[in-house]
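Only one structure is covered here, and it is reproduced in the block below.
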Amino acid sequence: MMPSGSDARDRLEAAMARLAGGDRSALEEIYRSTSAKLFGICLRILKDEKEAEDALQDVYISLWRKADRYDAERASPISWLATFARNRAVDRLRVGKVRQGSVPAEHAAPIADEAPLAENLLIDAERDARIHHCLDRLDEKPRSAIRSAFFEGRTYAQIAEADGIPLGTMKSWVRRGLQKLKACLERGE
Amino acid sequence: MSEDFRPDDVLAAEYVLGLLEGEDLLAARAREASDEKFAAEVARWQDQLAPLLDTIDARTPREEVWKRIRDEFDTLGDSAEIISLNARLRGWKMAAGTAAAAAVAAISVLVLSPSQAPSPPPTAEPQAPLAASIPIADTQLRLAVTYLPERQELLVSASGLTADGVHDHELWLVPRSEDMPLLSLGVVAPGEERRISLDQAVAEQMADGSPLLLTREPLGGKPPGVDAGPVVAEGRMQTI
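Heads up: the protein sequence lines correspond to chains A and R, in order.
Quick note: the first sequence uses my numbering, first residue 570, plus one each step.
Quick note: the second sequence uses my numbering, first residue 195, plus one each step.
This is the structure in structure tokens:
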């Protein structure tokens with residue numbers, strides 16, 4: 570636990586609990602302390618300002634009905650919210666609300682800005698080493714496919730097509746990669 | 195049915211990453227809703243991958259976005275009703291030892307999108323909702339059925355099912371009186387959540403413990419004048 574971030578985390582946890590209990594005023598507090606991070610995530614996946622704004626709106630509106638699913642014993646509030654936002658953004662790609670792939674990822678990466686200090690403090694430093702370490706140990710092909718799925722919301726078919734590789738081959742590379750990834754993550758636990 | 199098999203932990207990772215589409219995706223969603231072990235795998239991968247999101251640069255959205263959220267938010271109903279139903283479903287899930295996630299999703303839809311049908315007359319005291327989670331033979335899939343007595347509305351969630359193009363499945367309520375024929379609750383729409391307003395006569399038969407049957411029928415449901423098809427699944431409504 571990062572001592573400097575624990576106040577911010579506690580405040581956010583309390584706001585989530587209030588929202589889950591039906592306190593509408595909690596939403597603005599949650600928005601103020603998390604929207605820059607969640608907007609960055611939506612933008613990274615959707616690669617379009619307008620789409621990312623729509624997704625962000627959808628994320629906070631859905632949060633009103635889903636806040637009670639958050640379990641403080643299981644995850645930090647910011648990582649739960651980040652995962653929630655990422656999944657909502659990927660869902661938008663799947664239901665075809667978004668035209669995809671017009672801009673290469675590296676050109677569309679969001680330009681960082683000065684995120685509020687409290688928000689940086691919310692990041693779970695103690696958790697981020699392991700997955701990076703384990704991903705880095707994979708071969709380049711599966712690693713790049715896994716990253717592409719996670720960060721760009723791409724499916725097997727899209728990745729295989731983009732790389733000019735048969736779908737079956739791509740699937741077996743990735744599945745072997747995921748097994749190695751899991752073994753590595755478990756060794757760290 | 196997918197042609198390729200892989201261990202559940204790999205499937206869960208594929209699902210979490212978003213690699214799946216089409217039937218594979220629907221099947222994984224249904225597994226998550228119906229199979230606690232698989233749902234736990236999914237949650238574990240979500241947790242383990244979440245730190246990757248910390249590498250994405252933050253970006254402050256335009257102030258206008260908050261105004262839009264606030265305006266939409268102001269038009270929404272109170273969440274209290276849903277929250278309390280969700281809590282009830284969780285209690286039910288623990289008591290029944292079955293996954294109720296699909297039913298939780300279903301109940302949000304019920305409460306959040308009022309139907310066009312006129313409201314039934316108010317009852318003297320609020321009645322508890324009923325739910326059933328019906329396993330489909332030979333598959334990991336479950337049909338989630340949720341009933342709100344006060345609205346006489348049934349929500350049938352078949353989000354993981356896919357149509358075979360040859361058959362339909364029809365859901366039936368077994369009435370309390372043995373003299374009464376089975377009451378049709380309609381054809382199940384594969385891949386959809388369907389809301390059904392029950393007639394008074396059917397609603398009167400819906401109670402804690404009411405058996406439900408799922409039969410295999412020709413496309414369009416049971417033709418008039420013939421017996422219902424074979425029973426492929428059954429379950430019971432339970433107070434939640």
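By construction, the Cβ of each residue, glycine as well, lies at the ideal position given by its N, Cα and C atoms.
Does any CB atom of chain A fall closer than 8 Å to the CB of residue 200 (chain R)? It does; some Cβ of chain A falls within 8 Å.
- Could you name each continuous alpha helix (DSSP H) segment of 4 residues or more that falls completely within the region 607-641 of chain A, going from the start of the chain to the end? With a minimum length of 4 residues, the continuous alpha helix (DSSP H) runs that stay inside the region 607-641 of chain A are 618-635.
How about residue 736 (chain A): is its C-beta nearer than 8 Å to some C-beta of chain R?
With respect to chain R, the C-beta atom of residue 736 (chain A) has no partner C-beta closer than 8 Å.
* Might you give, ordered along the chain, the residues of its own chain that have their beta carbon closer than 7 Å to the beta carbon of residue 377 (chain R), omitting 5 neighbours on each side? => So the list reads 366, 367, 369, 396 and 399, once near-sequence residues are dropped.
Quiz item: Taking Cβ to Cβ, would you say residue 584 (chain A) is nearer than 8 Å to residue 598 (chain A)?
Solution: In contact: residue 584 (chain A) and residue 598 (chain A) (Cβ atoms closer than 8 Å).
Where do the N-terminal and C-terminal ends of the alpha helix (DSSP H) with residue 362 (chain R) fall, by residue? Per DSSP, residue 362 (chain R) belongs to no alpha helix (DSSP H); it is in the beta strand (DSSP E), 361-367.
Checklist line | Delimiting residues of the beta strand (DSSP E) encompassing residue 706 (chain A) | finding: Taken as a continuous stretch (DSSP letters only), residue 706 (chain A) belongs to no beta strand (DSSP E), as it is neither H nor E.
Next item on the list: Have a look at the DSSP bridge pairing and note the partners of residue 344 (chain R).
Entry: Partner(s): none; residue 344 (chain R) has no beta bridge.
### Task
Counting only the same chain and skipping the five closest in sequence on each side, list residues whose C-beta sits under 7 Å from that of residue 232 (chain R).
The answer, listed in chain order, is 202, 206, 225 and 226.
Secondary structure at residue 434 (chain R), three-state DSSP: helix, strand or coil?
-> In the structure shown, residue 434 (chain R) sits in coil (DSSP, three-state: anything other than H, G, I, E or B).
Cβ closer than 9 Å: which chain R residues qualify as neighbours of residue 733 (chain A)?
Neighbours of residue 733 (chain A) on chain R: none; closest Cβ ~18 Å, over 9 Å.
- Segment contact flag, the region 715-723 of chain A with the region 609-616 of chain A, C-beta cutoff 8 Å, min 3 pairs: Inter-segment contact for the region 715-723 of chain A and the region 609-616 of chain A is present: three or more beta-carbon pairs are separated by less than 8 Å.
Exercise. Under a Cβ-count criterion, where at least 16 other Cβ atoms within 10 Å of its own Cβ denotes burial, should residue 627 (chain A) be classed as buried or exposed?
Worked result: Flag for residue 627 (chain A) reads buried.
Could you round the C-beta distance between residue 744 (chain A) and residue 200 (chain R) to whole angstroms and report it? I think they count as a contact, below 8 Å. Residue 744 (chain A) to residue 200 (chain R), Cβ: 5 Å. Contact.
Q. Closest by CA to residue 700 (chain A), which one among A:594, A:643, A:756 and A:737?
A. Checked all of A:594, A:643, A:756 and A:737; the closest Cα to residue 700 (chain A) is A:756.
Can you tell me whether residue 210 (chain R) is helix, strand or coil according to DSSP?
Residue state, collapsed to three classes: helix.
Review point. Is residue 337 (chain R) closer than 8 Å to residue 330 (chain R) when the C-beta atoms are compared?
Key: Between residue 330 (chain R) and residue 337 (chain R), the C-beta gap is smaller than 8 Å, which places the two residues in contact.
- Would you mind stating whether residue 717 (chain A) and residue 734 (chain A) have Cβ atoms separated by less than 8 Å? In this structure, the beta-carbon distance from residue 717 (chain A) to residue 734 (chain A) does not fall below 8 Å.
inquiry  = Please state the DSSP three-state secondary structure of residue 228 (chain R).
reply    = DSSP places residue 228 (chain R) in helix when its eight states are reduced to three.
Using beta carbons (cut-off 8 Å, strictly below), is residue 434 (chain R) in contact with chain A? Output row for residue 434 (chain R): interface = no.
Tell me the start and end of each unbroken alpha helix (DSSP H) in the region 371-402 of chain R that is at least 4 residues and wholly inside, in chain order.
DSSP runs (the alpha helix (DSSP H)) wholly in the region 371-402 of chain R: 394-397.
For the alpha helix (DSSP H) holding residue 435 (chain R), just list the boundary residues, first then last.
Any property of residue 435 (chain R) remains undetermined from this structure, which presents chain R solely from 195 to 434.
Within chain R, partners of residue 622 (chain A) - CB distance below 9 Å: Scanning chain R for C-beta atoms nearer than 9 Å to the C-beta of residue 622 (chain A) yields 255, 256, 258, 259 and 262, reported in chain order.
Q.
In the DSSP output, what is residue 428 (chain R) paired with across the bridge?
A. BP columns for residue 428 (chain R) point to R:407.
Within 7 Å of chain C by C-beta, residues of the region 621-649 of chain A in sequence order: In the structure shown, chain C cannot be found, because the protein chains are A and R.
| query | Roughly how many angstroms separate the alpha carbons of residue 638 (chain A) and residue 355 (chain R), rounded to a whole number? | reply | Straight-line Cα distance between these residues: approximately 25 Å.
Could you tell me which chain R residues have their CB closer than 8 Å to the CB of residue 726 (chain A), listed as they occur along the chain? Near residue 726 (chain A) (Cβ distances below 8 Å), the residues of chain R are 215.
Q: Just tell me which of A:741, A:619 and A:603 has its CA closest to the CA of residue 651 (chain A).
A: The candidate whose alpha carbon is nearest that of residue 651 (chain A) is A:603.
Inset, instruction - Taking only beta-carbon positions, decide if residue 684 (chain A) is within less than 8 Å of chain R. - result: Because residue 684 (chain A) sits at a pLDDT of 45, beneath the cut-off of 50, its placement in the model cannot be relied upon, and the following sentence gives the value as read from the coordinates. Chain R contact via Cβ: present.
- Are residue 420 (chain R) and residue 409 (chain R) closer than 8 Å when you measure CB to CB? In this structure, the beta-carbon distance from residue 420 (chain R) to residue 409 (chain R) does not fall below 8 Å.
*Is residue 746 (chain A) buried or exposed, if buried means 16 or more other CB atoms sit within 10 Å of its CB?*
With at least 16 other beta carbons inside 10 angstroms of its own, residue 746 (chain A) counts as buried.
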